[in-house]
Structures are given as structure tokens and as C-alpha cells.
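Asks: Here it is, the structure in full.
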Amino acid sequence: DSKQSKITAFFVKT
Amino acid sequence: FEAKWDHASTLKKVIDAVKDLIGDTSWDCTNTGMSLQSMDSSHVALVHVLLKSEGFESYRCDRNVSMGISLNSMAKVLKCAGNDDSVTLRHESESSVVNFAFESHKEERVSEFELKLMNIDTEHLGIPETEYDSIIKMPSADLRRTCADLSQFGDSVTISCAKSDVRFETSGDIGTGNVRLSARGSSDKPETEIAIEMINPVSLTFALKYLNFFTKAAPLSDTVKLCMSNNHPLCVEFPMPEVGYIRYYLAPKIDE
């Protein structure tokens, strides 16, 4: 099974 | 701030390409152009639109401004413009509205609308420069069709890129499906070319729902670029030569 990751896990808040 | 396009069609297509994914957003206007960056409500996808000042008929931005706008309202306003009408956007410092003026090229019809601005708290994410493992350039209609076809069979698509072909695979309750696209050159019609630049093989899984949102940008650009690295968000870029681009980023599904 695969889980949807969030974009916020890859790109950091500026 | 004052920006004018010769034809409303491009702006109409840009809004249509992003409004269903992101509802309210801020347009950031500087002297180099207008841009927006926004995530969808579930924070899985990110949209980045750039409209360069050179792409406008005329463009002036004396002071940087961030205009919070409901894209659905902007789409409603733009419905009142004919495709060939010119569009002028105006915003004065400290004003709580943005003005839209549409003018037919024979100048016999001018319409003006005023849209209320919204206060939007935007979280800006830094998008790092990435050396992608695989870059695929293909006709945008091919991507749209592939995603639409595979959506009939499954919710997710696995995109695997090898040296000379790219494979899209899905499976669901009723069965499985896959589409393989092979690299093909075309010197007389570059827009029909499929070019694969592979440094390392890549295989990533994505929710088709989002890819179907992204391909709404296909009317803006004959070609699309898919940039992929393992365990990294996919970047789907629709270039608009001389005007700018729409880039969509999508977080991959990861094995539990």
C-alpha cells in the first residue's frame, strides 16, 4: 500500500 | 499597478487551468511580472504561475503589491471578456479593489468590472533548484489523454522512465491499464516530439486526480515537461513562450 505524502514535506516554508 | 494584455484568451486559460485546484490566492505583482504560488487545500500539490512583464502589451508596477483574489470570481469577471478583447488590470496603492477593463479591438465596446480584494494568508514555500533524474518533453494532449484514459481504471499512476520510453501504469477494481510512449523526434513539428532525457531511471506513483487537474493547462501550451527524481515531487511544466509558465508540483505516493 502506498501513502500520499504532502508537498510541505519536501518544500520548506519561507 | 497597471497591466494590459492584447487578448483575453491567455489570461482566461491561465485562470481556468488553476481555479479548480486552488480557490483563493494572492497575485504577487512586481516590476518583472505577476506571479502566484499556492497549494491545494490538502497540501499535496503546489501551483506556480509566472506571467512575465515582457508578455504584456504594456506593464507598469511602481510598488510591489500582493492582491488576494478569489479565482472563481476572477473567472466570472473574465467570462465577460471576449477572447480577442484586450484586458487591462488596474490597482491603486492601498485600494481594496482591482479593476478589469475589456475593450474590443474595434473599440466600440468597453466594459469595466471592479473586484473586491481579499485578505489571504499565504504560506510561501521555497522550491529548491533540482537536478532531475529524468525529464520528459511531450505533447500536452498526449499527457491529458493518458491521464484521462488511465483514470477509468485506477486512482494512482506509476510513471516509470527508462532510456527511450516512459510508461504510465495503473490498476483498480476492474483491471489494469498501461500506456507506453516512446521517444520520437520531429524536426518539422517540434510540438509533436517526445524527448526523454534520462540520467537515472525513475519510477514514481501519483494520484491521478491531481494530474487531471494539471492537464487543464493543456490549451495553453502544445508541449509539457515532466521532471522527475525518485522520492521527490513531480514537476509538470506548461511553458508559454515569451509569456511565462505554469508549473505544478505533486508530492509522490510513498510505500508504507
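In order, the protein sequences belong to chains A and B.
For the first sequence, my numbering assigns the number 172 to the initial residue and increments by one for each residue that follows.
For the second sequence, my numbering assigns the number 3 to the initial residue and increments by one for each residue that follows.
Glycine included, C-beta positions come from ideal geometry on N, C-alpha and C.
So, with DSSP's three-state summary, where would you put Cys-31/B?
Replies: Here the question's residue 31/B lines up with position 29 in the second sequence. Strand at Cys-31/B.
Asks: Give, in chain order, every unbroken run of the alpha helix (DSSP H) that is at least 4 residues long and sits entirely within the segment 10-67 of chain B.
Replies: Runs of the alpha helix (DSSP H) inside the segment 10-67 of chain B: 11-20.
Asks: Would you list the residues sitting across from Lys-174/A in a DSSP beta bridge?
Replies: Numbered from its first residue, the first sequence carries residue 174/A at position 3. Per DSSP, Ile-256/B.
Asks: With 7 Å as the limit, tell me which residues of the segment 37-50 of chain B have their beta carbon closer than that to any beta carbon of chain A; keep them in chain order.
Replies: Cβ contacts with chain A come from Met-41, His-45, Val-46, Ala-47, Leu-48.
Asks: Let me know if Ile-137/B comes out buried or exposed under the rule of 16 or more other beta-carbons within 10 Å of its beta-carbon.
Replies: Indexing the second sequence from 1 puts residue 137/B at position 135. Counting Cβ neighbours within 10 Å, Ile-137/B comes out buried, since at least 16 surround it.
Asks: Given Cys-237/B, which residues of its chain have a CB within under 7 Å of its CB, disregarding the five upstream and five downstream residues?
Replies: To locate residue 237/B, count along the second sequence from 1; it is residue 235. So the qualifying residues of the chain are Cys-229, Arg-249, Tyr-251.
Asks: Below 8 Å, can you find three or more Cβ-Cβ pairs linking the segment 195-203 of chain B to the segment 110-127 of chain B?
Replies: These segments do not touch.
Asks: Closer than 9 Å by beta-carbon distance: list the chain A residues that pair up with Glu-125/B, in chain order.
Replies: Position 123 of the second sequence, counting from 1, holds the residue named residue 125/B. Near Glu-125/B (Cβ distances below 9 Å), the residues of chain A are Thr-179, Lys-184, Thr-185.
Asks: Quick one: does Ile-137/B have its CB under 8 Å from some CB of chain A?
Replies: Position 135 of the second sequence, counted from the first residue, corresponds to residue 137/B. Not closer than 8 Å to any Cβ of chain A, the Cβ of Ile-137/B fails to qualify, so no.
Asks: Rounding to the nearest angstrom, what Cα-Cα distance links Phe-215/B and Lys-14/B in this structure?
Replies: Taking the first residue of the second sequence as position 1, residue 215/B is located at position 213. Taking the first residue of the second sequence as position 1, residue 14/B is located at position 12. When rounded, the distance between both Cα atoms is 16 Å.
Asks: Can you check whether the C-beta of Ala-77/B is within less than 8 Å of a C-beta belonging to chain A?
Replies: Position 75 of the second sequence holds residue 77/B. Taking Cβ atoms only, chain A never reaches closer than 8 Å to Ala-77/B, which makes this a no.
Asks: For a contact meaning CB atoms closer than 9 Å, what does Tyr-247/B contact in chain A?
Replies: Within the second sequence, the letter at position 245 stands for residue 247/B. Correct list: empty, because the minimum Cβ distance to chain A is about 18 Å.
Asks: With Asn-101/B as the anchor, note down where its beta strand (DSSP E) starts and where it stops.
Replies: Counted from its first residue, the second sequence places residue 101/B at position 99. Note, Asn-101/B: beta strand (DSSP E), 99-105.
Asks: Considering Asp-167/B, what are the terminal residues of the beta strand (DSSP E) in which it resides?
Replies: Along the second sequence, one-based indexing puts residue 167/B at 165. Counting along the chain, the beta strand (DSSP E) containing Asp-167/B begins and ends at 167-173.
Asks: Please report the residue range of the beta strand (DSSP E) in which Val-159/B lies.
Replies: Residue 159/B sits at position 157 when you count from the first residue of the second sequence. Unbroken beta strand (DSSP E) run through Val-159/B: 158-163.
Asks: Inspect the CB distances between the segment 17-34 of chain B and the segment 184-202 of chain B and report whether three or more fall short of 8 Å.
Replies: No contact exists between the segment 17-34 of chain B and the segment 184-202 of chain B.
Asks: Should Gly-128/B be flagged as near chain A, meaning a C-beta pair shorter than 8 Å?
Replies: Locating residue 128/B in the second sequence gives position 126, counting from the first residue. Closer than 8 Å to some Cβ of chain A, the Cβ of Gly-128/B qualifies, so yes.
Asks: What would DSSP say about Arg-147/B, mapped onto helix, strand or coil?
Replies: For the purposes of this step, residue 147/B is taken as residue 145 along the second sequence, with counting starting at 1. Helix, per DSSP.
Asks: Along the chain, where does the beta strand (DSSP E) containing Phe-216/B start, and where does it finish?
Replies: As a working mapping, residue 216/B is identified with position 214 in the second sequence. Not the beta strand (DSSP E): Phe-216/B falls in the alpha helix (DSSP H), residues 210-216.
Asks: On the premise that Val-46/B lies in contact with Lys-177/A, defined as a C-beta separation below 8 Å, what is that separation, rounded to the nearest angstrom?
Replies: Here residue 177/A corresponds to residue number 6 of the first sequence, with the count starting at 1. Here residue 46/B corresponds to residue number 44 of the second sequence, with the count starting at 1. Right, the Cβ-Cβ distance comes to about 6 Å (below 8 Å), so this counts as a contact.
Asks: Could you check what DSSP says for Val-204/B in three-state terms: helix, strand or coil?
Replies: Residue 204/B sits at position 202 when you count from the first residue of the second sequence. Correct three-state label for Val-204/B: strand.
Asks: Taking DSSP as the reference, what is the three-state secondary structure of Pro-192/B?
Replies: Position 190 of the second sequence, counting from 1, holds the residue named residue 192/B. In the structure shown, Pro-192/B sits in a helix (DSSP, three-state: H, G or I).
Asks: My output table needs one value for Met-140/B: the three-state DSSP class, helix, strand or coil.
Replies: Here the question's residue 140/B lines up with position 138 in the second sequence. Three-state result, Met-140/B: strand.
Asks: Please list, in chain order, the chain A residues whose beta carbon lies closer than 7 Å to that of Pro-235/B.
Replies: The residue labelled residue 235/B in the question sits at position 233 within the second sequence. Residues of chain A passing the Cβ test: Ile-178, Phe-181.
Asks: Assess contact between the segment 3-10 of chain B and the segment 80-99 of chain B, defined as three or more Cβ pairs (one per stretch) separated by less than 8 Å. Is contact present?
Replies: The answer is yes - the segment 80-99 of chain B touches the segment 3-10 of chain B, with three or more Cβ pairs under 8 Å.
Asks: With a threshold of 7 Å, establish whether the CB of Ala-253/B neighbours any heavy atom of the ligand NAD.
Replies: As for the ligand NAD, it is missing from this structure, which has no ligand bound.
Asks: Name the residue from Leu-23/B, Ser-88/B, Gly-57/B whose alpha carbon lies nearest to the alpha carbon of His-50/B.
Replies: For this step, residue 50/B is matched to residue 48 along the second sequence. Nearest option by C-alpha distance: Leu-23/B.
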